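Residue numbers (mature numbering (1 follows the signal peptide of the UniProt record, and there is no 0)): -20 to -1, 1 to 168. Idealized CB from N, CA, C, for every residue including glycine. Only a predicted model underlies this, so the values are computations on that prediction, with no experimental measurement involved.
The following block contains the structure:
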């Protein structure tokens, strides 16, 4: 009888461990981020460095008195779609340009920022060019991002709207971690 009870208890213990091992939910509670961790998160500084790289290329090319427009950074695979990540990259770049003394006009465009020309070459849409003209904007900041298995590759350009000439370009990569993955999931 004791041996039978011991055998039952051992089977229950083994089955419990096996079932727990198959669980998709972690039994360990997710650690709550701290303000210190938030202050040290590299996402915002990476975007600020990208904006500073653009500003460095634009030295003497633009007037701080004339406005610039920034559009939301979009997915390279679906130019009509962005995400929380794309919107935040745009916000950070715009903030850095404002901090550098540029007048920024933020636009939430109804349609695509880009359209494809004959050989897949991208150019600003007529809507963007018209809005830039109505705001007397000297340049438009646009960008795309693409995902790989480990990284998000971001391309930012400052474009002169009447000629479609790129005045400055910067490429950089962000790691795909829990934060960036969550921001990509909210594509719209």
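Alpha carbon of residue i to alpha carbon of residue j, nearest angstrom
| i | j | result |
| --- | --- | --- |
| residue 149 | residue 115 | 23 Å |
| residue 107 | residue 43 | 23 Å |
| residue 127 | residue 65 | 12 Å |
| residue 125 | residue 82 | 24 Å |
| residue 75 | residue 11 | 30 Å |
| residue 17 | residue 63 | 23 Å |
| residue 162 | residue 53 | 17 Å |
| residue 133 | residue 55 | 10 Å |
| residue 111 | residue 86 | 11 Å |
| residue 15 | residue 165 | 24 Å |
| residue 31 | residue 109 | 22 Å |
| residue 170 | residue 59 | Residue 170 falls outside the range modelled here, since the chain spans only -20 to 168, and no answer is possible. |
| residue 78 | residue 113 | 20 Å |
Residue from the options with nearest C-alpha to residue i
| i | options | result |
| --- | --- | --- |
| residue 140 | 48, 85, 163 | 48 |
| residue 37 | 17, 117, 155, 151 | 151 |
| residue 156 | 131, 165, 147 | 131 |
| residue 40 | 165, 147, 164 | 147 |
| residue 29 | 117, 84, 80 | 80 |
Neighbour-count burial assignment, residue i, 16 or more Cβ in a 10 Å radius
| i | result |
| --- | --- |
| residue 153 | exposed |
| residue 192 | One cannot answer for residue 192 here, as it falls past the ends of the chain, which runs -20 to 168. |
| residue 70 | buried |
| residue 19 | exposed |
| residue 13 | exposed |
Contact under 8 Å by Cβ, residue i with residue j
| i | j | result |
| --- | --- | --- |
| residue 34 | residue 138 | yes |
| residue 145 | residue 51 | no |
| residue 174 | residue 23 | Not covered by the structure: residue 174. The range shown for the chain is -20 to 168. |
| residue 72 | residue 27 | yes |
Check: Counting only runs that start and end within the region 39 to 90, where is the beta strand (DSSP E) found for 3 or more residues in a row?
Finding: Runs found: 48 to 50, 84 to 86.
Next item on the list: List in chain order: all unbroken alpha helix (DSSP H) runs of 4+ residues lying wholly within the region 104 to 130.
Entry: With a minimum length of 4 residues, the continuous alpha helix (DSSP H) runs that stay inside the region 104 to 130 are 106 to 114.
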